[in-house]
Each structure stands twice: as structure tokens, then as C-alpha cells.
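Going by the numbering used here, the letters in the sequence shown line up with residues 8 to 464, in that order. Beta carbons: idealized from backbone N, C-alpha and C, even for Gly. Predicted, not measured: the structure shown is a model, and the values here were computed from it. Structure first, then comments.
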Amino acid sequence: MNPLQLFDTYERKVRIFEPLKAGQVGIYACGPTVYNYAHIGNLRTYLFEDILRRVLEFNGYQVQHVMNITDVGHLTSDADTGEDKMELGSKRTGMTAWQMADFYGDAFKADLALLNILMPDVWCKATDHIDEQIAFVEDLETKGYTYRTNDGIYFNSRQLSSYGHLARLDVDGLRQGARVQPGERRFVTDFALWKFSPPGEQRQMEWPSPWGTGFPGWHIECSAMSAKYLGDFFDIHCGGEDHIPIHHTNEIAQTEASRGTRLANFWMHGYFLQMGDAKMAKSSGEFLRLASLIDKGFDASAYRYFCMTAHYRTQMSFSWESLQATDTALQRLYQLSYDWGEPGQACSDTLAQFRHHINDDLNLPRAIAVIWDMVKTDLADADKKATLLKMDEVLGLGVADWQPKTLTVPAEVMALVEQREQARTDRDFARADALRTEVEALGFQIEDTRQGPKVTG
Ligand code: AMP
Ligand code: ZN
Numbered sequence: 008m009n010p011l012q013l014f015d016t017y018e019r020k021v022r023i024f025e026p027l028k029a030g031q032v033g034i035y036a037c038g039p040t041v042y043n044y045a046h047i048g049n050l051r052t053y054l055f056e057d058i059l060r061r062v063l064e065f066n067g068y069q070v071q072h073v074m075n076i077t078d079v080g081h082l083t084s085d086a087d088t089g090e091d092k093m094e095l096g097s098k099r100t101g102m103t104a105w106q107m108a109d110f111y112g113d114a115f116k117a118d119l120a121l122l123n124i125l126m127p128d129v130w131c132k133a134t135d136h137i138d139e140q141i142a143f144v145e146d147l148e149t150k151g152y153t154y155r156t157n158d159g160i161y162f163n164s165r166q167l168s169s170y171g172h173l174a175r176l177d178v179d180g181l182r183q184g185a186r187v188q189p190g191e192r193r194f195v196t197d198f199a200l201w202k203f204s205p206p207g208e209q210r211q212m213e214w215p216s217p218w219g220t221g222f223p224g225w226h227i228e229c230s231a232m233s234a235k236y237l238g239d240f241f242d243i244h245c246g247g248e249d250h251i252p253i254h255h256t257n258e259i260a261q262t263e264a265s266r267g268t269r270l271a272n273f274w275m276h277g278y279f280l281q282m283g284d285a286k287m288a289k290s291s292g293e294f295l296r297l298a299s300l301i302d303k304g305f306d307a308s309a310y311r312y313f314c315m316t317a318h319y320r321t322q323m324s325f326s327w328e329s330l331q332a333t334d335t336a337l338q339r340l341y342q343l344s345y346d347w348g349e350p351g352q353a354c355s356d357t358l359a360q361f362r363h364h365i366n367d368d369l370n371l372p373r374a375i376a377v378i379w380d381m382v383k384t385d386l387a388d389a390d391k392k393a394t395l396l397k398m399d400e401v402l403g404l405g406v407a408d409w410q411p412k413t414l415t416v417p418a419e420v421m422a423l424v425e426q427r428e429q430a431r432t433d434r435d436f437a438r439a440d441a442l443r444t445e446v447e448a449l450g451f452q453i454e455d456t457r458q459g460p461k462v463t464g
């Protein structure tokens with residue numbers, strides 16, 4: 008049996024996965040910033056994390072999956088300036104920041120459920136962990152890693168010699184030529200741990216702290232909450248590739264300075280979904296949601312399958328044509344599996360091949376090819392069914408529950424179809440055509456077959 012191997016961004020190589028505690032795996036995944044709906048790009052990252060979790064479970068590990076919800080402190084600019092995305096979203100939607108966090112948080116969970124993504128064991132909201140974040144910043148202050156500017160408490164990245172290792176940042180190059188006024192952030196690589204509420208302004212979300220009223224910086228929530236739920240050093244931390252140079256770099260800096268660990272044993276990143284050549288961004292305001300795909304007649308499972316056709320470490324381009332093509336393949340698989348009937352004995356050779364690919368850094372495209380190869384073999388249908396059901400523990404396509412769509416044709420439509428048949432028998436073709444038009448106006452099609460008229464939706 009080949010061991011599970013995963014790519015670790017920190018070491019820039021594929022490593023054999025060994026859990027820190029026998030049989031158990033702790034995963035922390037950076038969750039959504041709830042100022043808008045998730046777009047299908049965000050969902051690609053959560054699908055990658057779901058596959059990771061299911062592969063770990065397939066390998067017999069018990070997984071503790073923690074996901075945060077960012078509901079404060081994520082600013083529009085990575086330079087820790089600009090507005091809080093939540094306060095801005097509140098102006099856009101007319102909801103309070105608190106209402107909006109609940110609204111988009113619930114919408115996010117509904118999307119995960121539709122995609123058959125297993126729910127995290129722990130959901131943690133930044134605003135529910137203000138004390139933990141303040142305590143973390145106090146510890147960094149005691150250890151000499153902070154300084155005060157006009158607008159907040161900052162992390163002094165020059166204090167930490169390993170700063171930027173995850174992203175292989177050229178920190179000296181980045182820090183060159185910085186001319187700063189007293190009271191300003193000193194280096195581009197420094198970042199806010201605590202921001203003061205702007206003078207004379209009352210924010211919707213603000214708290215007292217040893218440094219004054221304000222709110223936590225975006226990165227501190229993940230260092231503080233992952234330590235609370237998973238400890239100072241846990242197995243796997245994941246997120247999208249955009250998190251490598253800033254968010255995860257800064258999470259590591261905080262935890263390394265305070266706790267002396269690089270936070271997680273494995274750092275894993277899902278690569279972006281692109282729209283054509285452009286990246287899909289929530290802040291651009293123009294994006295596709297899962298609901299947009301459903302509106303076009305696709306099931307959520309079509310998007311799940313679509314994402315599994317590319318490796319998580321390659322960027323993937325979305326188009327309606329490719330979604331349609333993968334959906335056609337998926338519907339064929341569902342139908343085949345349905346026709347295979349009751350499950351028999353799973354084929355251990357086929358499962359070994361499948362496991363080989365999923366354990367090879369989650370190579371889902373190759374794992375899926377194993378299914379299509381199996382379809383062509385002369386394995387008994389019942390055994391194919393049993394093998395597929397086992398694989399579906401990882402794929403999460405819900406093969407066992409799939410049913411062919413049965414079309415319910417209203418009596419009114421059936422009556423029109425019968426009248427049209429009569430008109431055709433009477434050779435009254437004008438009337439037959441008019442009746443067909445009426446049927447089509449009600450959303451149905453008539454196909455004339457040798458067995459008689461067939462009504463489709
Ligand atoms: P956000 O809600 O903006 O904090 O992002 C939620 C998650 O989606 C993060 O893990 C991001 O790295 C990830 N993400 C953002 N845009 C994309 C994209 N176009 N494709 C894949 N993942 C993305
Ligand atoms: Zn995070």
C-alpha cells in the first residue's frame with residue numbers, strides 16, 4: 008500500500024504524510040470573509056480541502072477540521088490601509104456588519120452543503136475570539152516583536168530572521184528604499200496586529216484593548232484560533248494560493264515569534280480558478296456563484312466533478328462549455344452506476360490503483376481515469392458498483408442516491424398531445440402545428456417517434 012504523500016509549500020516538495028498524533032489529523036482551513044457570497048473560485052478551494060479531508064479519512068485517519076469565519080479586520084488593501092471589507096459591505100447591503108456576517112455565513116454553509124462538502128468540526132468566528140487575539144498580541148509585545156504607529160500596533164518583521172520563508176520572499180529587496188515618517192509603518196513586510204478605530208468615528212465592530220479601542224488585524228485571528236482549537240503545532244494548514252505571500256506568511260511570523268513553531272507541519276494551497284485569463288475576485292463585484300450555475304440548469308455535483316478534473320496545484324479555467332462537457336460525463340457515470348444495480352464485491356485491484364493516485368498528492372484526474380478504465384473491463388456490474396461506491400467516499404458525488412430524473416407531465420399537456428395526435432390522424436396539420444406550439448409554450452417538447460409522441464422537458 009503506497010503511503011500518502013502531500014505537497015508542502017513550506018518545504019516546496021512532496022513529503023510522506025505522517026500525523027503528529029497517531030491516527031489523528033488536525034486541519035485548519037482559512038474560511039470566508041463574509042461580506043459577500045462565495046464565488047465558484049472560492050468554492051474550488053473548499054472543494055480541494057474537502058477532498059484532502061476525505062483522502063485522509065480514506066487512509067484511516069480521524070480528522071479534526073477547523074474553519075474560521077473572518078467577520079472583522081480584513082481590509083481592502085493588503086498594506087493594512089483602506090476600509091474594513093465588512094464595514095464597506097454593510098454600506099453596500101444596508102445590513103449591519105453583524106447581520107451581514109450571519110447572512111453570508113449562512114449562504115456559505117448552504118453552498119458547502121449543496122456541494123456535499125463535509126462540514127468542519129469547528130467553526131470559529133473572529134469576533135467570538137477577541138480576547139484570545141488580544142492575549143496573542145500582548146504576548147508578542149512582551150517578547151519584543153511589536154511597535155506602535157499612529158493607526159495601530161504592528162508586527163516588526165525585521166525581528167524575525169525567518170520572516171517570509173514560506174513565500175521565499177526577498178525581504179531585503181522588499182525593504183529597500185523605504186522612507187518612513189515617525190508614527191508610520193516601518194517596512195512593507197510589517198503588518199497590523201491591532202488597528203485603532205479612526206479618531207472621531209465609531210465603527211460597528213470595535214472593542215477596548217490595552218492599546219485603545221479598535222479591532223484585530225486580519226492575520227492574528229488565524230494564529231490565535233488555530234492555537235486554541237488545534238494547538239501550537241498541528242498537521243495541515245490550507246488555503247488558496249493567494250494566501251502564500253501575505254496572509255500565511257504573517258500567520259507563521261506571529262506564531263513563530265510567540266510559540267516558536269511554524270504553525271503547521273504541512274502547508275497546502277489550492278490554485279486559482281480563472282475566468283478566461285482573468286482571476287475571479289470577490290472584490291471586483293462580478294463573479295459567478297454556485298447559484299448562477301444552478302440557474303443555468305446544472306446540479307452542484309457537476310461543479311464538484313468539474314473541479315476534480317484538474318489537479319489542485321494547477322490553475323483551472325472556467326467555461327460553460329467545459330462545465331457542460333464534464334456534466335455530460337458525470338450524468339453518464341450516474342446512469343451506468345444506476346444500471347449496475349445492487350453492489351457486489353469491491354475489486355481490490357481497482358481500489359489499489361485508485362488509492363495509488365489519491366495518495367499521490369491528491370491526483371484526482373488520474374483517480375477518475377481509473378473509474379472510466381473500470382467501466383470498460385468485464386468485471387461484473389455488481390462489483391463495479393461496489394468499487395465505485397467505495398471510491399465515492401472520496402469523490403463525494405452521491406452515486407448511491409442518484410435517481411434518473413422522471414419528468415412529470417401535467418394532465419393539461421397530455422390532453423394537448425392527444426388532441427395533436429388526433430389532428431395528425433385527421434391530417435389537419437395546421438391544427439397539429441398549433442397544438443405543438445401550445446405545448447411548447449407550456450415548457451414541453453414533442454418528439455415524434457415510431458412508438459408515438461414522446462414528451463420531454
Ligand atoms: P476570501 O473569502 O476572499 O477570504 O477567500 C476565501 C478562500 O478562497 C481563500 O482560501 C482564498 O485563497 C480562496 N480564493 C479566492 N479567490 C479564488 C479563486 N479565484 N480560485 C480559487 N480560490 C480562491
Ligand atoms: Zn487564515
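query                                                                                                         : result
Status (buried if at least 16 other CB within 10 Å, exposed otherwise) for N9                                 : exposed
Euclidean distance between Cα positions of F110 and S329                                                      : 31 Å
Opening and closing residue of the beta strand (DSSP E) in which I259 lies                                    : Run containing I259: none in the beta strand (DSSP E); it sits in the alpha helix (DSSP H), 256 to 266.
Member of M212, C245, A439 whose CA lies at the smallest distance from the CA of D91                          : M212
Top-ranked residue by Cα proximity to L237, from L11, Y35, I23, P26                                           : Y35
Distance between L173 and R19 (C-alpha atoms, nearest Å)                                                      : 9 Å
Closest by C-alpha distance to P252, when choosing among M282, H276, D57                                      : H276
Exposure of A271, with buried meaning 16 or more beta-carbon neighbours within 10 Å                           : buried
T40 beta carbon less than 9 Å from that of H72                                                                : no
Three-way DSSP call (helix, strand, coil) for M8 in this model                                                : coil
DSSP three-state assignment for A86, whether helix, strand or coil                                            : coil
DSSP beta-bridge partners of C229                                                                             : Note: C229 sits in no beta bridge, so no partner.
Any heavy atom of the ligand ZN within less than 5 Å of residue CB: hits in chain order                       : C37, C229
Whole-angstrom distance between E447 and A133, CA atom to CA atom                                             : 53 Å
Euclidean distance between Cα positions of A422 and D302                                                      : 30 Å
Alpha-carbon spacing of N43 relative to G96, whole angstroms                                                  : 7 Å
Buried/exposed call for D440, threshold 16 Cβ in 10 Å                                                         : exposed
Buried or exposed by the 16-neighbour rule on C-beta atoms within 10 Å, applied to A359                       : exposed
Sequence-distant residues of the same chain with beta carbon closer than 8 Å to V129, five excluded per side  : Q71, H72, V73, M74, Y236
Inter-stretch contact (C-beta, 8 Å, three-pair minimum) for the segment 402 to 412 and the segment 442 to 457 : no
Short Cβ contact (9 Å threshold) for T156 with G190                                                           : yes
Near the ligand AMP: Q281 beta-carbon under 8 Å from a heavy atom                                             : yes
Bridge partners - P460, DSSP secondary structure assignment                                                   : D455
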